[in-house]
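What follows is one structure encoded as structure tokens, with my remarks underneath.
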Amino acid sequence: MAGLAEAIPESNVGFRMLKQMGYDPGACAAAEPVGIEIRRSRAGLGAEPAVAPAPAPAAVARTREEAERERRREEEMVVELRARKSTQWRGRRVLWDYRKAEAALAQLENREVEPPAPEGEEKGSDEEEEVITEEDLLNILAKLRDQHHYCLYCGCKYESADALANECPGLNEDDH
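Here it is, written out as structure tokens:
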């Protein structure tokens, strides 16, 4: 607040703008600058803080119960959202791994692979999207391991089933 005790110098850009708008420093009636009040609320200028009458004790208890109910409901919603997002992520991960495994199997069997359509484009409007489950993924991973001694997550084709069993940490991505 030390800056309010000093006059603004005439070289100041703000002072020059005030002078251009008609400000006369000698004709000012106020001896002191207007004080600064820092407002934390978002209410407009001139808004008075609302003074509410003291609530009855029963209303306070009811309000606490309502607040506790609201808090529990929000916590349940957060848990539900987290579970839903986790399930969505797992589903996308299964689909991604399935497509990678399918491409690896096709390459090992020397077959042609149809490249996936770019995002936003559909293969065909008549086709329904195939639902791929974790069981489908496990089946194709087992086929890769049993027939071709290949681990999708290691990215290696092993010489034998024994080498695969000894060197690969496991069937699932979590094992790697």
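In this note's numbering, each residue's number is its place in the sequence shown (first place is 1) plus 948.
Ideal placement from N, C-alpha and C gives every residue a C-beta, glycine not left out.
task = Whole angstroms is fine: what's the gap from I1080's alpha carbon to A1111's?
result = 30 Å
task = Can you grab the Cα-Cα spacing for the pair C1099 / E1024, in whole Å?
result = 40 Å
ask   = Based on Cα-Cα distance, which residue from D972, N1114, C1102, S1108 lies nearest to D1122?
value = C1102
query = Taking all protein chains shown into account, do 16 or more other C-beta atoms lie within 10 angstroms of the C-beta of L1085, making it buried, or fewer, making it exposed?
reply = Counting of Cβ neighbours within 10 angstroms places L1085 among the buried residues, the total reaching 16 or more.
Start and end residues, alpha helix (DSSP H) containing G962 = 961-968
query = N1058 lies in the alpha helix (DSSP H); which residues open and close that run?
reply = Per DSSP, N1058 belongs to no alpha helix (DSSP H) and is neither H nor E.
Per-residue burial, I1088 [other beta carbons within 10 Å of its own, 16 or more giving buried] = buried
query = When you compare only the Cα positions, how much space is there between R1010 and G994?
reply = 33 Å
inquiry  = Can you look up Y1101 in the DSSP assignment and give me helix, strand or coil?
reply    = coil
inquiry  = Taking the straight line between their C-alpha atoms, what separation do you get for A1090 and E1078?
reply    = 20 Å
ask   = Is the beta carbon of H1096 sitting closer than 8 Å to the one on L1056?
value = yes
task = May I ask which residues mark the beginning and end of the alpha helix (DSSP H) holding D1110?
result = 1109-1115
key: Of the listed residues I986, D1094, T1035, nearest to E1082 (C-alpha basis)   = T1035
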